[in-house]
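With our numbering as the guide, the letters of the sequence shown map in order to residues -18 to 227. We put the CB at the ideal spot given by N, CA and C, even for glycine. These notes concern the structure reproduced below.
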Amino acid sequence: MTSTLPNDNIRNFDDQITNKLISEIIRDRIKNSGTRFSANDNISDFINPGELDILEREVASRVKDLLKSLIIDVENDHNTQETAERVSKMYLNEVFKGRYHEQPKVTSFPNDKNLDEIYTVGPISVRSACSHHLVPILGECWIGIKPGKKVIGLSKFARVADWVFSRPHIQEEAVMILADEIEKLCEPKGLGIIVKAQHYCMKWRGVKEPNTSMINSVVRGDFRHDLSLKQEFFELVKQQSATNNY
Ligand SMILES: [Zn+2]
């Protein structure tokens, strides 16, 4: 038997033919299409129905190996007996769901009334993890819009933000990716995003600075060209964030 499978439970019909791990099969598809698959990319287009369950079993098997390498007695320590399965499920379906699951459905509507006043939405929760250590990045985000030809419901901004942030990230790139997605959805005349977050790789480990946060922003379209509009955006966000202490 020349199988490279960590255990026999993670076979599927593809494996029977190719003798490959499901992660290898998906990775090959992505590579063959010439697409990037960095930690903060969404790869759901390359995962067929049913394959995520198989991937979940493969990841659990690998996490179990990690625990064993950490010399944790997963056989007898009742606290860690199912940790591998929990961690796998958490990565694929919760904290990194923005990599493996499709974008939530967002319907846009024509801007019939030609609304052109800016508005801001926030704070929206930021729940992410750093690509370097896979520990949490937690904070808040504000989105400012000067509408263009299309509009989307307010709650949709939170759904899309959650989908984008639920991947391993560095904060600078997360803001850009969220801006790209919102531009695709509603093609605003102006767009501004501010993220303020605490990085647990600074709080929990490393320099162990418990109160340091990082703030960054991106402004596009009219927000970039029109200084008074940009100032109005930051002023509105200041009012929205006055009672928050991230
Ligand atoms: Zn880190």
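- Any heavy atom of ligand 1 counts here; residues with a Cβ closer than 7 Å to one of them, in chain order, are C111, H113, H114, V116, H180 and C182.
- If you keep only unbroken beta strand (DSSP E) runs of at least 3 residues inside the segment 100 to 159, you get 100 to 111, 117 to 127 and 131 to 133.
- Counting only runs that start and end inside the segment 32 to 114, the alpha helix (DSSP H) elements of at least 4 residues fall at 32 to 50, 64 to 71 and 78 to 81.
- Annotation: the continuous alpha helix (DSSP H) that includes S4 extends over I3 to N13.
- For K177, the uninterrupted beta strand (DSSP E) segment begins and ends at G171 to H180.
- Setting aside the 5 residues that flank it on each side, I28 is surrounded in the same chain by I7 and Y81, each with a C-beta closer than 7 Å to its C-beta; the list follows chain order.
- Rounded to whole angstroms, the separation of the alpha carbons of M195 and G187 is 16 Å.
- With a 10 Å radius around the Cβ and a threshold of 16 neighbouring Cβ atoms, H113 comes out exposed.
- Two segments are said to touch when three or more pairs of C-beta atoms, one from each, lie closer than 8 Å; by this definition the segment 58 to 66 does not touch the segment 118 to 133.
- A Cβ-Cβ separation of about 15 Å leaves A155 out of contact with L172 under the 8 Å criterion.
- Collapsing the DSSP output to three states places R201 in a strand.
- For the set V176, S209, E32 and A139, the Cα lying nearest the Cα of M157 is the one of V176.
- According to DSSP, I196 shares a beta bridge with K177.
- Around the beta carbon of A178, a 10 Å sphere encloses 16 or more other beta carbons of the protein chains shown; the residue is thus reported as buried.
- If you check the CB distance, S109 and F146 come in under 8 Å.
- In this chain, the alpha helix (DSSP H) harbouring E213 covers L208 to S222.
- Residue state for I163 is assigned as helix, using DSSP reduced to three classes.
- Between P191 and K184, the alpha-carbon positions lie close to 5 Å from each other.
- Around the beta-carbon of H206, fewer than 16 other beta-carbon atoms lie within 10 Å, marking it exposed.
- Around the CB of N95, fewer than 16 other CB atoms lie within 10 Å, so the residue is classed as exposed.
- With fewer than 16 other CB atoms across the displayed protein chains lying within 10 angstroms of its CB, R67 is exposed.
- Around the C-beta of T193, fewer than 16 other C-beta atoms lie within 10 Å, and the residue is accordingly described as exposed.
- Counting only the Cα atoms, N197 lies some 7 Å from E153.
- Taking the C-beta atoms as reference points, L48 is found nearer than 8 Å to V55.
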